[in-house]
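Undergrad: All letters in the sequence shown, in the order written, are residues 1 to 606 by UniProt numbering.
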Amino acid sequence: MADDIHASPPPQYETVRNNSGKTRPFELRSQPSSNFEDNGKAGSSILYGDEENGREHVQDGVREAEAITQTWTRKSLVISYLLILLVFFVESLEQQVSNTLLPYVYSSFAAHSLVTTASIMSSIIGAVVKLPIAKMIDIWGRPQGYVVMILIATVGLILIAACDNVETYAAAQVFYWVGFNGIGYVLDVFVADTSALRNRALIFAFTTTPYIATTFAGPSVAQQFLDHSTWRWGYGAFAVIVPVITIPVAMIFLVHRNKAIKEGKIETGLGKGFSTWERVRYYLVEFDVVGMVLVCAGFALLILPMTLATYQADKWRSASIICMIIFGGLSLIGFYVWEKWWAPVRFMPFHLLNDMTVLGACLASCLSFIAYYCWDYYFTSFLQVVYSLSPSEAGYVGNIFNIGSCFFAVPVGLAIRQTNRFKWCALIAIPWQVLGTGLMCYFRNGTFSIGYIIMCQVFIAFAGGTAVICEEMAVMSAVAHASNTETGGSGVAVVLALLSLFAGIGGAIGLGVSGAIWTNVFPAKLAEFLPADRQADLATLYGSLVAQLAEPVGSPARDAIVRAYVAAQQRMCIAATCILALAFPCVVVWRNYNLRDVRQAKGTVA
Numbered sequence: 001m002a003d004d005i006h007a008s009p010p011p012q013y014e015t016v017r018n019n020s021g022k023t024r025p026f027e028l029r030s031q032p033s034s035n036f037e038d039n040g041k042a043g044s045s046i047l048y049g050d051e052e053n054g055r056e057h058v059q060d061g062v063r064e065a066e067a068i069t070q071t072w073t074r075k076s077l078v079i080s081y082l083l084i085l086l087v088f089f090v091e092s093l094e095q096q097v098s099n100t101l102l103p104y105v106y107s108s109f110a111a112h113s114l115v116t117t118a119s120i121m122s123s124i125i126g127a128v129v130k131l132p133i134a135k136m137i138d139i140w141g142r143p144q145g146y147v148v149m150i151l152i153a154t155v156g157l158i159l160i161a162a163c164d165n166v167e168t169y170a171a172a173q174v175f176y177w178v179g180f181n182g183i184g185y186v187l188d189v190f191v192a193d194t195s196a197l198r199n200r201a202l203i204f205a206f207t208t209t210p211y212i213a214t215t216f217a218g219p220s221v222a223q224q225f226l227d228h229s230t231w232r233w234g235y236g237a238f239a240v241i242v243p244v245i246t247i248p249v250a251m252i253f254l255v256h257r258n259k260a261i262k263e264g265k266i267e268t269g270l271g272k273g274f275s276t277w278e279r280v281r282y283y284l285v286e287f288d289v290v291g292m293v294l295v296c297a298g299f300a301l302l303i304l305p306m307t308l309a310t311y312q313a314d315k316w317r318s319a320s321i322i323c324m325i326i327f328g329g330l331s332l333i334g335f336y337v338w339e340k341w342w343a344p345v346r347f348m349p350f351h352l353l354n355d356m357t358v359l360g361a362c363l364a365s366c367l368s369f370i371a372y373y374c375w376d377y378y379f380t381s382f383l384q385v386v387y388s389l390s391p392s393e394a395g396y397v398g399n400i401f402n403i404g405s406c407f408f409a410v411p412v413g414l415a416i417r418q419t420n421r422f423k424w425c426a427l428i429a430i431p432w433q434v435l436g437t438g439l440m441c442y443f444r445n446g447t448f449s450i451g452y453i454i455m456c457q458v459f460i461a462f463a464g465g466t467a468v469i470c471e472e473m474a475v476m477s478a479v480a481h482a483s484n485t486e487t488g489g490s491g492v493a494v495v496l497a498l499l500s501l502f503a504g505i506g507g508a509i510g511l512g513v514s515g516a517i518w519t520n521v522f523p524a525k526l527a528e529f530l531p532a533d534r535q536a537d538l539a540t541l542y543g544s545l546v547a548q549l550a551e552p553v554g555s556p557a558r559d560a561i562v563r564a565y566v567a568a569q570q571r572m573c574i575a576a577t578c579i580l581a582l583a584f585p586c587v588v589v590w591r592n593y594n595l596r597d598v599r600q601a602k603g604t605v606a
């Protein structure tokens, strides 16, 4: 069935000129089949080609990025990288603060157990929009896409700070994650545009180093907001800080874009003179809005019942749950039918998945994210309740993954640069990640000291950070070798978006599994262990972390809560271990690319 999709790639919209010289933006051009050749060398392009002159079809935004690359100097590139590090620092600080505040946000609405439900929707949408963002920055350009993402992220922060119920907060989370994921994604594409393939793992690793500092700073900042203000100011403050820090990078992008225009490297004025309806129609088709809506609805309606079924009187037999599952399945079937026969421009770049390296990396990323989010979202609550840690202390332990993965990514990047290979790192990392996750099943029974929990987190962190870098290098290497350019040409934005899509869908599935285990195991175990005289408080204790922490340590009610947490967390870790083991064969099928075996890019690259 999948082969049928690849057999006849869809036509592509592009701006062309007719014999009279007038620009016609909506002409359809058929694209040739674009499978990888076995050797993965130049000429085996996974990118769409220009049938008339044998050249690769390059969209305006990609052509613009290549032109801007030729205007960079070493000094300006270094300044840009330093500013990008500052952006990642602020972004990671905000996310660390948000992670610590999140349980209190939901508890203030008496909806602590719904923490995964809203996150599933925002995770799915945040992942799915990466492909339209890739299309947007390939059409409009990197600077323009970056500015749009800043605006969306800022709106999300403002909405979160002002929300007065969990429904508004859930809607705000969509803006929040689309914006912040978009900012990070556009900057990753910029780094790929301006770096040689063999250096890219190291540069990507350095862009994650701010997480090492913010992992400690974030929980402390969140604690200050909780102690001296409210969680609302935690988001409100960043609604001001984020634009102030991110705009300088946009200004540098735009300055170099104008420089390229003045030097005649970028052609302007194409597409002018068209009506508003023509422009709207063009972008609706180019971004495949129908496909995007169908895939978002399909995954959301299939995953959300995992967490919502327990709130229905008839559980899984509830009419609403059955309808969600049926319509979710129909939406995904409709997505396939739309993409195969009707979509003028396909949302999903199926042709990229012809390559086993790209497919294997995407599946490995998806499985890793499923496994991680199976246990992560209730982990800090577990630490506070079971080990009596403060919010900041729980944040430190919960963020060991961020510290370790970002720290270890740097030597991994150096090793990849020296050996010009990355597959061997992934083959070591995945088994270690399985080991760390498996040990958590044993040590999360509430009787072992916190040191054993930390040890497992360190194993997972070092292995997980290595795997993430290798997965990114795998997909970018496949594109770079196919196009025979060290930057990856017009394929890098799409292939990074595709990897992110699989990761985001995996995260959403993991949240669904986590929510299903939590909503089915925790309340049942709490009702089983809670003293008879406290059964009336069951709903309150289930829905509020604050109420759980208010119970004195050692009291019968607190012991019942601890035992319920242990039962739920152990099942989450068992599910994660089983899922993660499937990632190893996905890595085995990668090609063992040599990162030097590509043509050098034009212009200044790192």
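Virtual Cβ for every residue (Gly too), placed ideally from N, Cα, C. Please read all numbers here as calculations on a predicted model, not as lab measurements.
(1) In this structure, does DSSP put THR230 in helix, strand or coil?
(2) Looking only at its chain, what residues have a beta carbon closer than 6 angstroms to the beta carbon of TYR387, apart from the 5 residues adjacent to it on each side?
(3) Might you give, ordered along the chain, the residues of its own chain that have their beta carbon closer than 8 angstroms to the beta carbon of LEU367, omitting 5 neighbours on each side?
(4) Select from LEU304, LEU352, LYS525 the residue whose C-alpha is nearest the C-alpha of CYS329.
(5) Here's the rule I'm using: 16 or more other beta-carbon atoms within 10 Å means buried, otherwise exposed. How should SER45 be labelled?
(6) Terminal residues of the continuous alpha helix (DSSP H) containing CYS163?
(7) Buried or exposed for GLN31, going by 16 or more other Cβ atoms inside 10 Å?
(8) Taking the alpha carbon of VAL191 as the point to measure from, which residue in TYR169, VAL105, ARG142, TYR373 has its own alpha carbon closest?
(9) Distance, Cα to Cα, TYR373 vs TYR106?
(10) With distances taken Cα to Cα, identify the nearest neighbour of ALA161 among ALA127, GLU91, TYR235, ALA201.
(11) Check whether the region 517 to 524 touches the region 383 to 397, counting contact only when three or more Cβ pairs, one atom from each stretch, lie closer than 8 angstroms.
(12) Hey, is GLY141 close to the ligand COA, as in C-beta under 7 angstroms from one of its heavy atoms?
(13) With distances taken from CA atoms, which of PRO132, TRP177, GLY184 is nearest LEU83?
(14) Going by beta carbon distance, what residues of the same chain come within less than 8 angstroms of SER390, once the five residues before and after it are set aside?
(15) Do TRP518 and ALA568 have their C-beta atoms within less than 8 angstroms of each other?
(16) Please classify GLY451: does DSSP put it in a helix, a strand, or coil?
(17) If I measure Cβ to Cβ from LEU359 and keep anything under 6 angstroms in the same chain, skipping five residues before and after, which residues do I get?
(18) DSSP three-state label for ASN181, please.
(19) Measuring alpha carbon to alpha carbon, tell me which residue in ARG444, HIS351, ALA260, ALA319 is nearest ASP376.
(20) At the level of alpha carbons, what is the spacing between THR487 and ALA493?
(21) Count the CB pairs spanning the region 425 to 438 and the region 168 to 176 that are closer than 8 angstroms, and state whether there are at least three.
(22) Please work out which residues of its chain come closer than 6 angstroms, Cβ to Cβ, to ILE403, disregarding the five sequence neighbours upstream and downstream, and give them in chain order.
(23) If you count every other CB in all the chains shown that lies within 10 Å of the CB of PRO552, and 16 or more means buried, which is it?
(24) Residue range of the alpha helix (DSSP H) that LEU294 falls in?
(25) PRO248 to GLY413, Cα distance in whole Å?
(26) Near ILE150, which residues of its chain fall below 8 angstroms by C-beta distance, leaving aside the five closest residues on each side in sequence?
(27) Which one of PHE175, ALA205, ALA527, VAL285 has the shortest CA to CA distance from TRP338?
(28) Rounded to whole angstroms, what is the Cα-Cα separation between LEU511 and ILE68?
(29) When you compare only the Cα positions, how much space is there between ARG591 and ILE158?
(30) Starting from the C-beta of residue 608, find all residues in its chain whose C-beta is less than 6 angstroms away, skip the five residues before and the five after it, and write them out in chain order.
(31) Helix, strand or coil for ASP355, going by three-state DSSP, please let me know.
(32) What is the DSSP secondary structure of TRP590, reduced to helix, strand or coil?
(33) Please tell me whether ILE124 and ALA300 are closer than 8 angstroms, where the distance is taken between their beta carbons.
(34) Closest to LEU498 by CA distance: which of GLY264, GLN570, VAL128 is it?
(35) Since I believe LEU254 is in contact with GLY298 (beta carbons under 8 angstroms), could you give me their beta-carbon distance rounded to a whole number of angstroms?
(36) Considering just the uninterrupted stretch of the alpha helix (DSSP H) at PHE407, what are its terminal residues?
TA: The answer reads as follows:
(1) DSSP places THR230 in the coil class of the three-state scheme, outside both helix and strand.
(2) Non-local C-beta neighbours of TYR387 in its own chain, meaning closer than 6 angstroms and more than five positions away in sequence, comprise ILE450, ordered along the chain.
(3) Closer than 8 angstroms at the Cβ level, and outside the excluded window around LEU367, lie GLY506, ILE579, LEU580, LEU582, ALA583, CYS586.
(4) A small correction: the amino acid at residue 329 is Gly; Cys does not occupy that position in the sequence shown. Distance from the Cα of GLY329 is smallest, within the candidate group LEU304, LEU352, LYS525, for LEU304.
(5) For SER45, the predicted structure reports a pLDDT of 33, less than 50, and the residue's modelled location is therefore unreliable. The matter cannot be settled from this model.
(6) For CYS163, there is no enclosing alpha helix (DSSP H), as DSSP marks it with neither H nor E.
(7) Here GLN31 scores only 34 on pLDDT, less than 50, and its place in the model is too uncertain to base an answer on.
(8) With distances taken between Cα atoms, VAL191 lies closest to ARG142.
(9) Cα-Cα distance, rounded: 18 angstroms.
(10) Nearest of ALA127, GLU91, TYR235, ALA201 to ALA161, Cα basis: TYR235.
(11) Inter-segment contact for the region 517 to 524 and the region 383 to 397 is absent: fewer than three beta-carbon pairs are separated by less than 8 angstroms.
(12) This structure lacks the ligand COA; in fact it carries no ligand of any kind.
(13) Looking only at PRO132, TRP177, GLY184, the smallest Cα-Cα distance to LEU83 is reached by GLY184.
(14) Only GLN223, GLN384 meet the Cβ criterion.
(15) Yes, the pair counts as a contact, with Cβ atoms nearer than the cut-off.
(16) Here GLY451 sits in helix by DSSP.
(17) LEU353.
(18) Of the three classes helix, strand and coil, the one that applies to ASN181 here is helix, per DSSP.
(19) Considering only alpha carbons, the answer is ARG444.
(20) Unreliable placement is indicated for THR487, whose pLDDT of 46 sits below 50; no coordinate value is reported for it.
(21) Result no; under three Cβ-Cβ pairs closer than 8 angstroms.
(22) Excluding five sequence positions before and after ILE403, the CB atoms of its chain that fall closer than 6 angstroms to its own CB belong to ILE212, THR215, given in chain order.
(23) Around the beta-carbon of PRO552, fewer than 16 other beta-carbon atoms lie within 10 Å, marking it exposed.
(24) First-last of the alpha helix (DSSP H) with LEU294: 289 to 303.
(25) Here the alpha carbon of PRO248 sits roughly 28 angstroms from the alpha carbon of GLY413.
(26) These residues qualify, in order along the chain: GLY179, ILE183, VAL242, PRO243, THR246, ILE247, ALA250.
(27) Looking from the CA of TRP338, the closest CA among PHE175, ALA205, ALA527, VAL285 belongs to VAL285.
(28) Per the coordinates, the alpha-carbon of LEU511 lies some 40 angstroms from the alpha-carbon of ILE68.
(29) Rounded to whole angstroms, ARG591 to ILE158 spans 45 angstroms at the Cα level.
(30) Past the boundaries of the shown model lies residue 608; the chain is included only from 1 to 606, so the question cannot be answered.
(31) Coil.
(32) In the three-state reduction of the DSSP assignment, TRP590 falls in the coil class, being assigned neither a helical nor a strand state.
(33) Yes. Within cutoff.
(34) Looking at the Cα atoms, VAL128 is the closest of the given residues.
(35) In this structure GLY298 is not in contact with LEU254, their Cβ atoms being roughly 38 angstroms apart against a cut-off of 8 angstroms.
(36) PHE407 -> alpha helix (DSSP H) spans 400 to 419.
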